[in-house]
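In what follows, a single structure is set out as structure tokens and then discussed.
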Amino acid sequence: MFLESTLQFDTVALTERLRNALKTPPGDGGDLAMTATLRGRHPADIAEAMEGLAKPEALFVFNWLDNARAAEVLDEVDSELSRYIVNNAPPGRIAELLDTLPMDDAAELIEEAQANNPERAEELLEELATRSPEDAAEVRELLSYDDKTAGRLMTDKFVRLSGTMSVEDAFTAIRRSDPDVETLADLYVTDGGRKGREKLIGVLSLRDLVRAKPNARISQVMVPEPIAVSVDTDQEEVAQTISKYDFSAIPVLDRDGYLVGIVTVDDVVDVLVEEQTEDALKQGAVSSEAMNMPYFSVPIWTVVRSRVPWLAMLFVASMLTTVVLEENQSELDRVPVLSLFFTLLVGTGGNAGAQTISTVIRGMSLGEIRGRDAMRVLWREFGTGFMLGGLLAVVAFVRAYLMEKRIDFALVVALTVWAICAWSNVIASMIPLAAQRLKIDPALVSSPLITTLVDASGLFIYLMIAKALLAELR
15 MFLESTLQFD
25 TVALTERLRN
35 ALKTPPGDGG
45 DLAMTATLRG
55 RHPADIAEAM
65 EGLAKPEALF
75 VFNWLDNARA
85 AEVLDEVDSE
95 LSRYIVNNAP
105 PGRIAELLDT
115 LPMDDAAELI
125 EEAQANNPER
135 AEELLEELAT
145 RSPEDAAEVR
155 ELLSYDDKTA
165 GRLMTDKFVR
175 LSGTMSVEDA
185 FTAIRRSDPD
195 VETLADLYVT
205 DGGRKGREKL
215 IGVLSLRDLV
225 RAKPNARISQ
235 VMVPEPIAVS
245 VDTDQEEVAQ
255 TISKYDFSAI
265 PVLDRDGYLV
275 GIVTVDDVVD
285 VLVEEQTEDA
295 LKQGAVSSEA
305 MNMPYFSVPI
315 WTVVRSRVPW
325 LAMLFVASML
335 TTVVLEENQS
345 ELDRVPVLSL
355 FFTLLVGTGG
365 NAGAQTISTV
375 IRGMSLGEIR
385 GRDAMRVLWR
395 EFGTGFMLGG
405 LLAVVAFVRA
415 YLMEKRIDFA
425 LVVALTVWAI
435 CAWSNVIASM
445 IPLAAQRLKI
455 DPALVSSPLI
465 TTLVDASGLF
475 IYLMIAKALL
485 AELR
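Spelled out as structure tokens, the structure:
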């Protein structure tokens, strides 16, 4: 890790300085300018500045960096620039950098290369094998696991201890451990089997180890039967487990129950960002096809293809609103003022539904709401909508009365707001749970779809109440 100052600075200015250094010939001081510009900069800042350069320029800057910073920069730049660098930098250099990265990050880069240039990916793996056959084998093993599982996220760089060790011997083992271990916060105790065939029997924190007596056995101070996940566990479930128990890392077991790696909290942060981005796009009725691409790098046609399926479906669903209006056109002709409150009423219902669906999907994603909780959720959201609707109904009654000076009309508007709020909360709470039962991602039941359904049903409720209470419509 780099210990330079992390104070923020203007990356636009850094990009310009890099661009100016690139324009200056080496004999005229360009090499000195490049060295001075990059000196002391954090890899994350260099990566952000490189994204503002043309790709060939960014590659030149990348090749200028020493291996330690180049590896971190390669891990920090956006996916498009990362692919360009991996495909165009000398394969020997990339393989050398892969050898310094955590194997889960190296596997991710190879996976991206496989998707775009399989021949290049295989070339890089062969280059890596010439430097470190063990690392190349580990990358291939990670790639053999399903995408978005613990197996893809894990690393085998962690400290293993034996239960028969003394605390003093454990400190010696830590000092002799691989300098590239991902974390020392948690230490894992095994039965002493060979690597890959070890049974996990306990875990302890470095803090507990420091406080223990030097002659105590590790088996006496460890926590037995620690929580672990399988290589096939979904990455979102891994993130939820680490968050729930406030772990810094979690052990990963293979299908036979042997300890094969750990997933660290830094990888979980990336997972949470990815999952939240995907859910946000789905709730906005946008395909996640291009979610990992920078905004300005996504071709317009790709954007169109990602949006048109849901937009077309919502367009068709919106026709229900037209049908409701057509069926009640004569009533609207007799009481034209009814149409003035359409936007207010259906907008209120849509907003209430959007709030509910966001809350319910969040609860489901965190494991707080399960299928068996359907009735509890329904009654809870109905009660919430009923109370919210009652409060808004008072405001709606006053507004409608001041406009028309008719108590019956004001009562229609007020009762409609009350009913729509309760109804939209119910439908918005039930649809995600129904989607989950049908094995459909609840996030796909997007807020625009809920809004569209509430629009049609809200208008129907409004006009039914109007027919019941207004004398001229009876």
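Here the sequence shown stands for residues 15 to 488, where the numbers follow this note's numbering.
All C-beta atoms in this analysis are idealised placements derived from N, C-alpha and C, irrespective of residue type, glycine included.
Quiz prompt | Which listed residue (Arg-107, Gly-66, Gly-399, Leu-214) has its alpha carbon closest to that of Ala-366 | solution = Gly-399
Quiz prompt | contact_flag[the stretch 249-258, the stretch 205-220] where n(CB pairs < 8 Å) is 3 or more | solution = The stretch 249-258 makes no contact with the stretch 205-220: fewer than 3 CB pairs, one atom from each, lie closer than 8 Å.
Practice problem: Take every Cβ of the stretch 264-271, pair it with every Cβ of the stretch 228-237, and state whether three or more of those distances are shorter than 8 Å. | Solution: no
Quiz item: If you draw a straight line from the alpha carbon of Ala-482 to that of Ala-326, how long is it in whole angstroms?
Solution: 35 Å
Quiz item: Nearest-angstrom Cα distance between Ser-96 and Ser-176?
Solution: One Cα belongs to Ser-96, the other to Ser-176, and the distance between them is close to 40 Å.
Quiz prompt | Of the residues Ala-109, Ala-135, Glu-155, Leu-392, the one placed nearest Ser-146, counting alpha carbons only | solution = Ala-109
Quiz item: Who pairs with Tyr-98 in a beta bridge, going by DSSP?
Solution: Tyr-98 pairs with nothing; no bridge assigned.
Exercise. Within 10 angstroms of the Cβ of Trp-393, are there 16 or more other Cβ atoms? Answer buried if so, exposed if not.
Key: exposed
Self-check item: Closest Cα partner of Phe-74 within the set Leu-32, Thr-114, Ala-82, Asp-89
Solution: Leu-32
Quiz item: Can you pull the DSSP bridge partners for Leu-267?
Solution: Ser-244, Leu-273
Quiz item: Residue range of the alpha helix (DSSP H) that Leu-123 falls in?
Solution: 117-130
Self-check item: Assigned exposure category for Ile-241 - 16 Cβ within 10 Å defines buried
Solution: exposed
Exercise. Evaluate Phe-329 with the Cβ neighbour count: other Cβ atoms within 10 Å of its Cβ, from every protein chain shown; 16 or more gives buried, anything less gives exposed.
Key: exposed
Quiz item: What is the DSSP secondary structure of Gly-216, counted as helix, strand or coil?
Solution: strand
Quiz item: Mind pulling the beta strand (DSSP E) runs of 3 or more residues that sit fully within the stretch 398-464?
Solution: Entirely contained in the stretch 398-464, not one beta strand (DSSP E) run reaches 3 residues.
Quiz item: Excluding the five sequence neighbours on either side, which residues of its own chain have a C-beta within less than 7 Å of the C-beta of Met-417, listed in chain order?
Solution: Excluding positions up to five away in sequence, the list is empty.
Quiz item: When the Cα atoms are used, what is the spatial distance from Ile-434 to Thr-362?
Solution: 8 Å
Quiz item: If we ignore side chains and look at the alpha-carbon of each, how far apart do Thr-144 and Met-117 end up?
Solution: When rounded, the distance between both Cα atoms is 16 Å.
Exercise. Specify the secondary structure class of Leu-67 as computed by DSSP and reduced to three states.
Key: DSSP, reduced to helix, strand and coil, places Leu-67 outside both helices and strands of the structure shown, so it counts as coil.
Quiz item: What does a CB cutoff of less than 8 Å around Ile-479 pick up in its chain, not counting 5 residues either side in sequence?
Solution: Val-426, Leu-429, Thr-430, Ala-433
Self-check item: Where the beta strand (DSSP E) through Thr-204 begins and ends
Solution: 200-204
Exercise. Inspect the beta-carbon positions of Arg-154 and Leu-138 and report whether they are closer than 8 Å.
Key: No, they are not a contact pair.
Quiz prompt | Distance CB(Val-277)-CB(Val-252) smaller than 8 Å | solution = yes
Self-check item: Under 8 Å between C-beta atoms of Leu-142 and Leu-112
Solution: yes
Quiz item: Do the stretch 405-416 and the stretch 371-386 touch if we need at least three Cβ pairs shorter than 8 Å?
Solution: no
Practice problem: List the whole-angstrom C-beta distance separating Tyr-12 from Leu-220, where the pair is believed to meet the contact cut-off of C-beta under 8 Å. | Solution: The requested residue 12 is not part of the displayed model; the chain covers only 15 to 488.
Quiz prompt | Exposure label - Ile-421; buried when at least 16 CB within 10 Å | solution = exposed
Quiz item: Could you give the distance in angstroms between the alpha-carbon of Ser-191 and the alpha-carbon of Leu-28?
Solution: 38 Å
Self-check item: Per-residue burial, Ile-314 [other beta carbons within 10 Å of its own, 16 or more giving buried]
Solution: exposed
Quiz item: Taking just the CA atoms, how far does Glu-486 sit from Ala-442?
Solution: 34 Å
Exercise. Could you check the C-alpha separation between Glu-196 and Ala-120 for me, to the nearest Å?
Key: 14 Å
Self-check item: Check whether Leu-36 and Glu-65 have beta carbons under 8 Å apart
Solution: no
Quiz item: Of the residues Thr-49, Glu-86, Asp-80, which one's Cα is nearest the Cα of Glu-62?
Solution: Glu-86
Quiz item: In whole angstroms, what separates the C-alpha of Gly-52 from that of Tyr-272?
Solution: It should be pointed out that residue 52 corresponds to Leu in this sequence rather than to Gly. So the two alpha carbons sit approximately 45 Å from each other.
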